[in-house]
Amino acid sequence: MRMAHGGVQLMNWFSIAAELQCDWRNDVEGFGALLAKHLPSYQNIIGSYMGAQKEFSK
């Protein structure tokens with residue numbers, strides 16, 4: 001807690017990964033795999049997104 005009292009913004013791995021990703025155009029497959037590995041419930045969202053992208057590209 002001392003760091004937070006000093007003004008440091010505490011972050012977890014998910015927020016850091018999202019900041020590094022910046023947008024979904026760079027490496028959506030790799031980022032999606034990372035999220036699916038560590039957040040199994042998020043896997044449905046990743047699958048839905050990938051399915052929509054395949055439909056859109058037809």
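So that you can map any letter, position 39 of the sequence shown is 39 in full-length UniProt numbering, and since no number is skipped, the others follow by simple counting. Yeah, the Cβ is synthetic: ideal placement off N, Cα and C, and Gly gets one too.
Sub-7 Å separation of residue i and residue j beta-carbons
i: alanine 52; j: glutamine 43; result: no
i: glutamine 21; j: phenylalanine 31; result: yes
Residue i versus residue j: straight-line alpha-carbon distance, rounded
i: isoleucine 16; j: lysine 54; result: 28 Å
i: aspartate 23; j: histidine 5; result: 31 Å
i: histidine 38; j: asparagine 12; result: 13 Å
i: phenylalanine 33; j: lysine 58; result: Reading off the sequence, residue 33 comes out as alanine, not phenylalanine. Between alanine 33 and lysine 58, the C-alpha separation is close to 23 Å.
i: isoleucine 45; j: phenylalanine 56; result: 16 Å
i: arginine 2; j: valine 8; result: 9 Å
i: serine 41; j: glycine 47; result: 11 Å
i: aspartate 27; j: methionine 50; result: 12 Å
7 Å Cβ shell around residue i - same chain, five flanking residues per side excluded
i: glutamate 29; result: none
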